[in-house]
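Mapping the sequence shown onto this note's numbering, position 126 (from 1) lands on 127, and the numbers just tick up by one. By construction, the Cβ of each residue, glycine as well, lies at the ideal position given by its N, Cα and C atoms.
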Amino acid sequence: MRAGRWRRVASQVGRSVTVWVVSTLTMLVLAGILPDFRLQSPTGDSATRIAVTAAFGAGAFGVLSAVVWPLLVRLFLLVPTLVLGLLVFFLNGALLLLALRLNPAERGDAAPETAVVVAAVMSAVASATGGALAVRDDDAYRRRLYRLADRRRRGGPVGPATPGTVFLQLDGVGHDVLLAAVRNGLMPTIARWLGHGDHSGRGTRPTHRLTSWRTDWSSQTGASQLGILHGSNHDVPAFRWYEKDRGEVMVCNRPTSAVELQHRAVAQAGHGGLLAVDGASRGNLFSGGAEEQALVLSIATRRRSRETRSRAGYFAYFSDPANAVRTAMSFLAEVGREIGQSTRTRIRKDRPRVGRGGLYPLVRAFATVVERDVVVAAVMGDMLAGRTAVYADLVAYDEVAHHSGPTSRDAAKVLQRLDRSLALIENVAEHAPRPYRIVVLSDHGQSPGETFRTRYGLTLGDLVRAGCGLPVSRKAERTHSGAEAR
């Protein structure tokens, strides 16, 4: 036992030293490339002094990232989601500037904008180096997983032998879409669970079965998820509707509406919800009665407290600066990917097609990168904490399919990335203190089609106004539908 402990300590020290050396070399390379980043005095220094300055700066930056970064993330838990993603770079740059200022020789300096770039590159390189060194180290992998567990429950008693359940909702994925993705090799994890064979073509023993189901009249997330989590979706006729007695427009993804719908469902069903006993709700519209909640819309309007920590999932993920930088860089890459894909659809004049400008690239990047990363990390923490039931909504496919089409190449790529998230969660289950059953489900499917305005040349509102003899725009008047309405 003692020899094994010393080997683990030696291995950890070796990895830390290697990451430090690589970070030092990265800092030296960046100092040679970037004009506003220097590691020597204005009059020049010897190569040895420059190397010592780089080593001190890299070491100080690593220590500050490990010690100060989690405290900064806690301070910014109440910052809006997209703003927090942008702050990641600037906070990291500020830590680098502080690391350079701590050098007693006072040799290093950088312009603020350059510090942001240097810090981002160094964090990414350090993360990649540490991950590469720990790939074949099971103990290191296990320790990285356990860091994601809830600290309040770490060190507690051994988990129960009864299995817990993890519900993973692939938002908007229809039965036929999933089958096609499995057949095309886009979702090997799902294929293996269904016994469709692995990458070598050999058959595997199925651990899951796939069944289809039909929604009721309201085929959308609000109605389906309310019924799944709270046992009733009574009086939810659509995604958006007008209630005459209240004089209010209800919208399922509006926080105030989500609060009201959840309250009605609890009263109608007569119980707290699916997750009322030691449950966790992650990335959902409704809480399901869970004590642990993150990115849950129905508590977004409440005053923050220990009981309503809707941003708690952020701390679990962004407390690691390497995670923060990796997610922020993936966010920017996804924005660029969306701009490129939407441009291609306009050039090819694909039909049907909807507008994808404005803030949509940012919304898509949040849904496909930030929300996915934070929710998956939160689920991993819940499993390692041994919670009884976890329900998580992965909205990435739904967001892309609504704009690119449910069977588009863009949406298929998102399914491929979601399958990797499922594989990661499956791996974490092996380290959990209790066995887990993983249930993958969907809330609704989608059908490709043109919008009302694209198909008929006027909005539904214009059609109603024209039919009532009210004035409409000249463009709407000239359409065939407008003439029919009059």
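Contact belief for residue 361 with residue 403 at Cβ below 8 Å, rounded distance in angstroms: Looking up residue 361 in the sequence shown gives position 360. Looking up residue 403 in the sequence shown gives position 402. So it is not a contact: roughly 10 Å between Cβ atoms.
- request: Just the C-alpha distance for residue 283 and residue 351, rounded to the nearest angstrom, thanks.
  value: For the purposes of this step, residue 283 is identified with residue 282 of the sequence shown, where counting begins at 1. For the purposes of this step, residue 351 is identified with residue 350 of the sequence shown, where counting begins at 1. Cα to Cα, residue 283 sits roughly 35 Å from residue 351.
- request: State the DSSP-derived secondary structure class of residue 165, mapped to helix, strand or coil.
  value: Numbered from its first residue, the sequence shown carries residue 165 at position 164. Residue 165: strand per DSSP, three-state reduction.
query: Which word fits residue 243, buried or exposed, when buried means at least 16 other C-beta atoms lie within 10 angstroms of its C-beta?
result: Start at 1 with the first residue of the sequence shown, and residue 243 comes out as number 242. By the 10 Å Cβ count, residue 243 comes out exposed.
- prompt: residue 392 to residue 292, Cα distance in whole Å?
  reply: Locating residue 392 in the sequence shown gives position 391, where the first residue counts as 1. Locating residue 292 in the sequence shown gives position 291, where the first residue counts as 1. Cα to Cα, residue 392 sits roughly 12 Å from residue 292.
message: Which same chain residues end up closer than 6 Å to residue 234 when comparing Cβ atoms and leaving out the 5 residues on each side of it in sequence?
response: What you label residue 234 is simply residue 233 of the sequence shown in a count that begins at 1. Hits under 6 Å: 224, 227 and 228.
query: DSSP state of residue 360, grouped into three classes?
result: Against the sequence shown, residue 360 aligns to sequence position 359. Looking at residue 360 - three-state DSSP - the assignment turns out to be coil, as it is neither helix nor strand.
- prompt: If you measure from the CB of residue 465, is any heavy atom of the ligand GTP nearer than 7 Å?
  reply: Looking for the ligand GTP in the displayed structure turns up nothing, as the structure carries no ligands at all.
- request: Quickly, what does DSSP pair residue 319 with across the bridge? List them, please.
  value: Residue 319 sits at position 318 when you count from the first residue of the sequence shown. For residue 319, which the question treats as bridged, DSSP gives no partner whatsoever.
- prompt: Do you know how far the Cα of residue 473 is from the Cα of residue 467?
  reply: On the sequence shown, residue 467 is found 466 positions in, with the first residue counted as 1. On the sequence shown, residue 473 is found 472 positions in, with the first residue counted as 1. Spanning the two alpha carbons is a distance of roughly 6 Å.
- request: Determine the DSSP secondary structure at residue 213, reduced to helix, strand or coil.
  value: The residue given as residue 213 occupies position 212 in the sequence shown. Residue 213: coil per DSSP, three-state reduction.
message: Assuming residue 1 and residue 396 are in contact, meaning their beta carbons sit under 8 Å apart, how far apart are those beta carbons, in whole angstroms?
response: Because the chain here runs from 2 to 487, residue 1 falls outside it and cannot be looked at.
message: If distances are taken between C-alpha atoms only, which option among 38, 37, 36 and 57 comes closest to residue 23?
response: Here the question's residue 23 lines up with position 22 in the sequence shown. Checked all of 38, 37, 36 and 57; the closest Cα to residue 23 is 57.
message: Could you check whether residue 384 and residue 437 sit closer than 8 Å to each other, using their CB atoms as the reference points?
response: Locating residue 437 in the sequence shown gives position 436, where the first residue counts as 1. Locating residue 384 in the sequence shown gives position 383, where the first residue counts as 1. Yes. Within cutoff.
- prompt: Count the other CB atoms within 10 Å of the CB of residue 2; is the residue buried (16 or more) or exposed (fewer)?
  reply: Mapped onto the sequence shown, residue 2 falls at position 1. At residue 2 the pLDDT is 47, less than 50, meaning the model places this residue with poor confidence and gives no usable figure here.
query: Can the beta-carbon of residue 121 be found less than 8 Å from the beta-carbon of residue 330?
result: Within the sequence shown, residue 121 is the residue found at index 120, counting from 1. Within the sequence shown, residue 330 is the residue found at index 329, counting from 1. Closer than 8 Å, so yes.
- prompt: So, are the CB atoms of residue 289 and residue 388 less than 8 Å apart?
  reply: As a first step, residue 289 must be located in the sequence shown, where it is residue number 288. As a first step, residue 388 must be located in the sequence shown, where it is residue number 387. No.
field: Residues of its chain near residue 452, where Cβ-Cβ distance is below 8 Å and the 5 sequence neighbours each way are ignored
entry: Position 451 of the sequence shown, counted from the first residue, corresponds to residue 452. The answer, listed in chain order, is 353 and 355.
message: Let me make sure I understand the geometry here. Which of 375, 340, 349 and 369 has the alpha-carbon closest to that of residue 358?
response: Here residue 358 corresponds to residue number 357 of the sequence shown, with the count starting at 1. Closest option to residue 358, Cα to Cα, is 340.
C-beta contact flag for residue 66 and residue 31 at 8 Å: Taking the first residue of the sequence shown as 1, we reach residue 66 at position 65. Taking the first residue of the sequence shown as 1, we reach residue 31 at position 30. No.
Residue ranges of each beta strand (DSSP E) within the stretch 381-449, 3 or longer: 390-395 and 437-442
message: Assuming residue 281 is part of the alpha helix (DSSP H), what are its boundary residues?
response: Your numbering for residue 281 matches position 280 in the sequence shown. Per DSSP, residue 281 belongs to no alpha helix (DSSP H); it is in the beta strand (DSSP E), 280-283.
- request: Determine the direct distance from the alpha carbon of residue 374 to that of residue 415, and round the result to whole angstroms.
  value: Start at 1 with the first residue of the sequence shown, and residue 415 comes out as number 414. Start at 1 with the first residue of the sequence shown, and residue 374 comes out as number 373. Whole-angstrom Cα-Cα distance: 13 Å.
field: Straight-line Cα distance separating residue 301 from residue 257
entry: Taking the sequence shown and counting its residues from 1, one reaches residue 257 at position 256. Taking the sequence shown and counting its residues from 1, one reaches residue 301 at position 300. So the two alpha carbons sit approximately 9 Å from each other.
field: Selection from 220, 476, 55 and 18 that minimises the alpha carbon distance to residue 33
entry: Numbered from 1 along the sequence shown, position 32 holds the residue referred to as residue 33. The shortest Cα separation from residue 33 among 220, 476, 55 and 18 belongs to 55.
task: Using the Cα positions of residue 212 and residue 176, report the straight-line distance between them to the nearest angstrom.
output: If you number the sequence shown from 1, residue 212 lands on position 211. If you number the sequence shown from 1, residue 176 lands on position 175. Looking at the two C-alpha atoms, the distance is approximately 8 Å.
- prompt: If we ignore side chains and look at the alpha-carbon of each, how far apart do residue 334 and residue 161 end up?
  reply: Taking the first residue of the sequence shown as position 1, residue 334 is located at position 333. Taking the first residue of the sequence shown as position 1, residue 161 is located at position 160. Rounded to whole angstroms, residue 334 to residue 161 spans 42 Å at the Cα level.
field: Bridge partner(s) assigned by DSSP for residue 330
entry: Position 329 of the sequence shown, counted from the first residue, corresponds to residue 330. Residue 330 pairs with nothing; no bridge assigned.
message: To the nearest angstrom, how far is the alpha carbon of residue 421 from that of residue 413?
response: For the purposes of this step, residue 421 is taken as the residue at position 420 of the sequence shown. For the purposes of this step, residue 413 is taken as the residue at position 412 of the sequence shown. Their Cα atoms are separated by approximately 13 Å.
message: Taking the beta strand (DSSP E) that residue 218 belongs to, which residues open and close that run?
response: Residue mapping note: residue 218 aligns to position 217 of the sequence shown, counting from 1. Element bounds for residue 218: n/a, residue is neither H nor E.
- prompt: Cβ of residue 1 within 8 Å of Cβ of residue 180?
  reply: The structure shown does not extend to residue 1, since the chain is modelled only from 2 to 487, so the question has no answer here.
query: Rounded to a whole number of angstroms, what is the C-alpha to C-alpha distance between residue 221 and residue 407?
result: Position 220 of the sequence shown, counted from the start, is the residue given in the question as residue 221. Position 406 of the sequence shown, counted from the start, is the residue given in the question as residue 407. One C-alpha to the other measures close to 14 Å.
message: Let's see if you can read the secondary structure: which residues bound the alpha helix (DSSP H) around residue 261?
response: One-based indexing of the sequence shown puts residue 261 at position 260. Segment 256-270, the alpha helix (DSSP H) holding residue 261.
query: How would you write the range of the beta strand (DSSP E) that residue 368 sits in, first residue to last?
result: Within the sequence shown, numbered from 1, the residue matching residue 368 stands at position 367. Taken as a continuous stretch (DSSP letters only), residue 368 belongs to no beta strand (DSSP E), as it is neither H nor E.
field: Coarse secondary structure for residue 65, derived from DSSP in three states
entry: As a working note, residue 65 is residue 64 in the sequence shown. Helix, per DSSP.
query: Could you check where the beta strand (DSSP E) with residue 295 kicks off and where it finishes?
result: Taking the first residue of the sequence shown as position 1, residue 295 is located at position 294. From DSSP, the beta strand (DSSP E) with residue 295 extends over 293-295.
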